[in-house]
Amino acid sequence: MALIVQKYGGTSVGSVERIQAVAQRVYKTVKAGNSLVVVVSAMGKTTDGLVKLANEISPNPNRREMDMLLSTGEQVTIALLSMALQELGQPAISMTGAQVGIVTEAEHSRARILHIETTRLTRHINAGKVVVVAGFQGTSSAGEMEITTLGRGGSDTSAVAIAAALQANFCEIYTDVPGILTTDPRLVAEAQLMDDITCDEMLELASLGAKVLHPRAVEIARNYGVPLVVRSSWTDAPGTWVTSAKPQGRSLINLEIARPVDAVEFDTDQAKVALLRVPDKPGVAARLFGEISRQEVDVDLIIQSVHEGNSNDIAFTVTAPILKRAEAVAAAIAPALRSESNPKSDEAEVMVEHNIAKVSIAGAGMIGRPGVAAKMFATLAEAGVNIQMISTSEVKVSCVVNATECDRAVNALRSAFEIEAGEAKRDEGDEEAGGDEGVGRDKLILLSPSSPSSPSSPHHPPVRGVALDLNQARLAIRQLPDRPGMAAKLFGLLAQHNISVDMIIQSQRCRVIDGVPRRDIAFTVSRIDGESAKKMLTQVAAELGWGEVVLDSAIAKVSIVGAGMVGQPGVAAKMFGALAEHQINIQMIATSEIKISCVVAQEQGVKALQVIHAAFGLAGSEKFVVPA
Ligand code: ASP
Ligand code: MG
309 MALIVQKYGG TSVGSVERIQ AVAQRVYKTV KAGNSLVVVV SAMGKTTDGL
359 VKLANEISPN PNRREMDMLL STGEQVTIAL LSMALQELGQ PAISMTGAQV
409 GIVTEAEHSR ARILHIETTR LTRHINAGKV VVVAGFQGTS SAGEMEITTL
459 GRGGSDTSAV AIAAALQANF CEIYTDVPGI LTTDPRLVAE AQLMDDITCD
509 EMLELASLGA KVLHPRAVEI ARNYGVPLVV RSSWTDAPGT WVTSAKPQGR
559 SLINLEIARP VDAVEFDTDQ AKVALLRVPD KPGVAARLFG EISRQEVDVD
609 LIIQSVHEGN SNDIAFTVTA PILKRAEAVA AAIAPALRSE SNPKSDEAEV
659 MVEHNIAKVS IAGAGMIGRP GVAAKMFATL AEAGVNIQMI STSEVKVSCV
709 VNATECDRAV NALRSAFEIE AGEAKRDEGD EEAGGDEGVG RDKLILLSPS
759 SPSSPSSPHH PPVRGVALDL NQARLAIRQL PDRPGMAAKL FGLLAQHNIS
809 VDMIIQSQRC RVIDGVPRRD IAFTVSRIDG ESAKKMLTQV AAELGWGEVV
859 LDSAIAKVSI VGAGMVGQPG VAAKMFGALA EHQINIQMIA TSEIKISCVV
909 AQEQGVKALQ VIHAAFGLAG SEKFVVPA
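Going by the working numbering, the first residue of the sequence shown is number 309, and it counts up by one from there.
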C-alpha cells in the first residue's frame, strides 16, 4: 500500500464529466489499496476569467484582493470533486490551503511555501478518507491568516510540497499532455515523449517544460527526493517520470526558501584554451569543436561571445592532462581562421592557461532569484579572487579562477551560502569520463518502483531535450576594468533593480586602455527588462568610466540538455555543426556540465531548434498532435 499525492490541472477538472472521470480514477487508485491526497486546480480557464474580471474593475488590482479572488477557483473544484467521490461511496473531505495549514510567506501573488502541517491531513487519511486539497493557495504565518497564492501554475508546487511533507511514495501530476516531450511540439512536430528525465535536466529545460510542470515543483521534488510522474488524465499511459538523487534528509522547515544554493563545487584539474579574435561567421565553432571531438578530447566549459570589431573569442576548459592535445588542435586550426588578405594580423591567437580551477555554485533555488550570481561574484571579490571566465546555466554558475586561489574561493563561498564543509564537493564530472554510466556528479537513485529505467542507462542518448527561448535580450558592456569586484558590481546593480540574468559570459581578450586592463562582459535578460537594464547601465557606465552598453533584443537562445553528455566528446561539436550546416551564426555560447546554450539571431531561432533536435536523433517517426 502506498501513500500517493495526485494533482489534477485545470483541463483535467474542466467540466462535471471531467470531475467525475477524475473521481473514478481516484476511486480506482484507492480500491487498489492506496491512500490518497488529491490536489486540484481551478476548473478550466477559471483563473484567467477571474483575472479578467478584476482587470475590468481595476487596471492595477490590489495584490491581497487578487489572492482573495483567485483562491476561490480552486475551492469550487475541491467541493465538487469531494461530492463526486462521495457519490461513488468513497469517503472524502475537501480542504482549503488554510485548513490544511499550508503556511507561506506573506508575499501576495507569489508566496513561497514555508511549511505544511500534516496532522489534519494524516488524521483524515488514517480515517480512510481521500483528502481533496485546493492547490495554488496557502496562508501567511504572521498571525494574520492572510490568504496567499503561489503564482500562476502553482498547484503543481502545492502537490509536490504536500508529497514532501507527508513523505508520500510518489506524486502524480495529471495534465492534458502525455508527459514531457523532447521539445516544443508546436515548433517541432517530431517531438517525442520521454519515459523519464532527471530533475536536474528538467530544471535546465525550464524554458521548455515550465508550462507542463512548474519549475518550483521540480525544485522541491529534487530537494526532497519526491518521485514525480507527469501523465495524461485522459489515458492510462505511463507518462514521464521526473527522477532525483537520494535526498540528504533536508529539514521541512522553510521548505521553499531555505537555501538558493545547495552545493559549492570545485575542480582544480582544469586548463583553459582560448582562441581570440576569430571571425564572427557561421561554422567557426563547428570547425574547432569538430576537430577537437575527432581527437577524442572531452571539453568541459565552453564560452563564446561577440566583441568589438565583430570578432569572437571562444574559450574552453579541459582536464589538465589533455591540455597538450587540445592546444595542438586549436593551434592547427588557427591559421585557417585568419583572413587571407591579412594573414599576419592578430586574428585567431591561441592562448593557454595552465593553473586554473573551476568553482561553481549549484542549486535549483537560484531560478528566478536575481542576486544569487551577484552574491557569488561579490563573495569572490571580497576574497580578492579575480574571475577569468564565467559560464552560467539555469541552476549553476561556474567561474574559472587562478588555481592558487581556489581554496580561498571555495571557503568564502561556503560561508557566504552557508554550505557546510563536507558539502562542498569536488566536481567529479571529468573523473567519470569514460565510465560506463555517463553521468557525472549525481548518482541517480530511483525511488519509484514503477519507474522504468535509470536515466543513466546506456540506451539514453546524451541529449534528452532541446529548448528554445524567444524571450531574451542580450546586453554587452565594453571595456569593464579587469579587477576583482567588477562582475559583482554589475550584477549587484541588476539584482537591486530586480532584473534576473540568465547567461553571463566574460570575454577572454583583455585590452589595456588608459593603463587599465579591460574586458567585455555579455549577458542575457528577459526581453521586457532589456531597455530598462540598458538605460540604468548606460548611466552607471558613464559614471564609472566603463565602455559602451549594447542591447540586442532580436535574439533567441537554443539549449540542449542531458546528463549523458558528461564525459562524452563530440556533443558540442554536433550542436555547432548542425547550426553551421544551416548557415546559422552563433553569437554566444555558455555551458554547464549537462547543458549547452547558444544565442542566435531571433529569426533563426525556430530553425535552429529544428535542426538541432534532428541532429541528435530525437525526432520520432510519429508526429505529435498538439492538443487544442
Ligand atoms: N489555477 C491556478 C492557475 O491557473 C493555479 C494552477 O492551476 O496551477 O494559474
Ligand atoms: Mg499547470
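The beta carbon of each residue, even a glycine, is placed where N, CA and C say it ideally should be.
Short Cβ contact (8 Å threshold) for residue i with residue j
| i | j | result |
| --- | --- | --- |
| Gln780 | Thr700 | no |
| Ala682 | Ala803 | yes |
| Pro643 | Val809 | no |
| Glu512 | Val869 | yes |
| Pro877 | Ser706 | no |
| Thr551 | Leu501 | no |
| Glu950 | Val693 | Because the chain in this structure spans residues 309 to 936, residue 950 falls outside the shown range and cannot be described. |
| Ala571 | Ile528 | no |
| Arg782 | Ile695 | no |
| Ala255 | Gly446 | Residue 255 is absent from the structure shown; the chain starts at 309 and stops at 936. |
| Ile664 | Gln578 | yes |
| Val438 | Leu429 | no |
| Leu495 | Val914 | yes |
| Ile433 | Gly409 | no |
| Leu788 | Arg826 | yes |
| Val774 | Thr490 | yes |
| Ser449 | Val411 | yes |
| Leu393 | Val347 | no |
| Thr576 | Ala720 | no |
| Leu563 | Ile421 | yes |
| Val658 | Val626 | no |
Assigned exposure category for residue i - 16 Cβ within 10 Å defines buried
| i | result |
| --- | --- |
| Glu690 | exposed |
| Asn893 | buried |
| Lys339 | exposed |
| Ala936 | Residue confidence for Ala936 is low, a pLDDT of 49 falling below 50, so the modelled location carries little weight and cannot support an answer. |
| Arg585 | buried |
| Gln814 | buried |
| Asp822 | exposed |
| Leu583 | buried |
| Leu388 | buried |
| Thr456 | buried |
| Leu361 | exposed |
| Ile312 | buried |
| Gly838 | buried |
| Glu889 | exposed |
| Lys704 | buried |
| Ile561 | exposed |
| Cys714 | buried |
| Pro523 | buried |
| Gln891 | exposed |
| Met309 | exposed |
| Pro763 | Low confidence applies to Pro763: its pLDDT is 42, below 50, so where it sits in the model is not reliable enough to give any reading. |
| Cys507 | buried |
| Ser559 | exposed |
| Lys315 | buried |
| Thr687 | buried |
Anticipated Cβ contact below 8 Å, residue i with residue j, distance rounded
| i | j | result |
| --- | --- | --- |
| Phe597 | Ile669 | Going by Cβ atoms, the distance from Phe597 to Ile669 rounds to 26 Å, so no, they are not a contact pair. |
| Gly317 | Ser349 | 5 Å |
| Val866 | Ile920 | 6 Å |
| Ser323 | Ser541 | About 12 Å separates the two Cβ atoms, so there is no contact after all. |
| Ile386 | Val441 | 7 Å |
| Ser613 | Ala830 | 5 Å |
| Arg372 | Glu454 | 7 Å |
| Arg595 | Ile641 | 6 Å |
| Ser417 | Gly443 | Their Cβ separation, rounded to whole angstroms, is 15 Å, which puts Ser417 and Gly443 out of contact at 8 Å. |
| Gly671 | Arg567 | 7 Å |
Original post:
Considering only residues of the segment 811 to 885, which uninterrupted beta strand (DSSP E) runs meet the minimum length of 3 residues and lie entirely inside it, listed in chain order?
Top reply: Correct list: 819 to 821, 824 to 834, 857 to 860 and 863 to 869.
For a minimum of 3 consecutive residues, which ranges assigned as the beta strand (DSSP E) are wholly contained in the segment 661 to 724? Listed in chain order, the beta strand (DSSP E) runs fully inside the segment 661 to 724 are 697 to 701 and 704 to 710, counting runs of at least 3 residues.
Check: Where are the beta strand (DSSP E) runs, 3 residues long or more, that stay fully inside the segment 382 to 438, in chain order?
Finding: Within the segment 382 to 438, the runs of beta strand (DSSP E) at least 3 residues long that lie entirely inside it are, in chain order, 400 to 403, 410 to 412 and 421 to 424.
For ligand 2, enumerate in chain order all residues having a CB closer than 6 Å to any of its heavy atoms. Listed along the chain, these residues meet the criterion: Gly317, Gly461 and Asp464.
In chain order, each beta strand (DSSP E) run of at least 3 residues that lies wholly inside the segment 773 to 813:
You should have 773 to 777 and 780 to 789.
Problem - Inside the segment 327 to 381 only - alpha helix (DSSP H) runs reaching at least 4 residues - result: Listed in chain order, they are 354 to 365.
Practice task
Would you mind listing the beta strand (DSSP E) stretches within the segment 485 to 514 that are 3+ residues and don't spill past its ends, in chain order?
Solution key: Here the runs fully enclosed are 504 to 506.
TODO: Jot down the residue ranges of each uninterrupted beta strand (DSSP E) in the segment 554 to 633, minimum 3 residues, whole runs only, in chain order.
DONE: Segments of the beta strand (DSSP E) lying fully in the segment 554 to 633: 571 to 587, 610 to 615 and 619 to 627.
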